[in-house]
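What follows is a set of notes on a single structure, which appears directly below.
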Amino acid sequence: MWRQFPFDIFERAPNQQSAQQSTYILLMSHDREQTTVEVFQRTDFTGIFRCMAAKLVSTKTWDDTQFKRYFPPKGFEPPRALQNFRLMKYYRDWNALMLQLSVMDAERVRQQVFETFKTFKWLPLTGSDRMWTTKKLHGGDGIRHLPSRFADKSAPQIAINPR
Numbered sequence: 404m405w406r407q408f409p410f411d412i413f414e415r416a417p418n419q420q421s422a423q424q425s426t427y428i429l430l431m432s433h434d435r436e437q438t439t440v441e442v443f444q445r446t447d448f449t450g451i452f453r454c455m456a457a458k459l460v461s462t463k464t465w466d467d468t469q470f471k472r473y474f475p476p477k478g479f480e481p482p483r484a485l486q487n488f489r490l491m492k493y494y495r496d497w498n499a500l501m502l503q504l505s506v507m508d509a510e511r512v513r514q515q516v517f518e519t520f521k522t523f524k525w526l527p528l529t530g531s532d533r534m535w536t537t538k539k540l541h542g543g544d545g546i547r548h549l550p551s552r553f554a555d556k557s558a559p560q561i562a563i564n565p566r
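Counting from 404, one number per residue, gives the positions in the sequence shown under my numbering.
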């Protein structure tokens, strides 16, 4: 699952303004296939994003909201309009695993996955209905645009783990 996770995330990265423009992600297809979860365990974004809006989230948001969206508990019913996640192999495999396990075993597995999840320094900042959010964010509230010349433009929102 951890091998598939980064590939799926980058494969579903949004395009700029329209599908005719390039993706916000600089990683080429071959690089996406070779990427491991280590990419999320460092904050050097060189060669990953054309531009981005990084937001420092609270520990509660990282641990509760973000983790639940990426690795929902057994019995979770996703919103009908959920984008990105349903198309990802890791997410389908995760949900299939949760269905097979007892409630107790599912929680144990989730806790083990959470231990790795806590080591990530960043991930796409999920919305209630999507993995990638790109609407404009204005300064403040721990938001930093990279590069700064993109501060007035739409960009992928990245959640920064406060740990």
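Glycine residues also receive a C-beta, built at the ideal position from the N, C-alpha and C atoms.
{"Item": "Contiguous beta strand (DSSP E) assignments of at least 3 residues, all confined to the stretch 415-460", "Value": "455-459"}
{"Item": "Same chain, Cβ closer than 8 Å to Trp405, neighbours up to 5 away in sequence not counted", "Value": "Thr439, Val440 and Thr519"}
{"Item": "Gln515 burial status per 10 Å Cβ neighbour count (16 or more: buried)", "Value": "exposed"}
{"Item": "Near the ligand NAP: Arg495 beta-carbon under 6 Å from a heavy atom", "Value": "You won't find the ligand NAP in this model; it holds no ligand whatsoever."}
{"Item": "Rounded separation between Ser461 and Ile561 - CA only", "Value": "13 Å"}
{"Item": "Neighbourhood of Asn487 by C-beta distance below 7 Å, restricted to the same chain and skipping five residues each side", "Value": "Arg415, Arg533, Met534 and Trp535"}
{"Item": "Same chain only: Cβ atoms within 8 Å of Gly545, ignoring 5 sequence neighbours per side", "Value": "Lys458, Leu459, Val460 and Ile563"}
{"Item": "Span of the beta strand (DSSP E) around Gln560", "Value": "Gln560 to Ile563"}
{"Item": "Distance between beta carbons of Gln444 and Lys521, contact taken as under 8 Å", "Value": "About 10 Å separates the two Cβ atoms, so there is no contact after all."}
{"Item": "Beta-carbon proximity of Leu429 to Phe413, cut-off 7 Å", "Value": "no"}
{"Item": "Ser531 versus Pro559, Pro481 and Pro417, residue with shortest Cα-Cα distance", "Value": "Pro481"}
{"Item": "Bridge-paired residues (DSSP) for Gly530", "Value": "Arg533"}
{"Item": "Distance between Pro475 and Ser425 (C-alpha atoms, nearest Å)", "Value": "31 Å"}
{"Item": "Minimum C-alpha distance to Lys556 - residue among Gln419, Asp411, Phe408 and Phe410", "Value": "Gln419"}
{"Item": "Strand pairing of Ile412, partner residues [DSSP]", "Value": "The partner list for Ile412 (beta bridge, DSSP) is empty, contrary to what the question assumes."}
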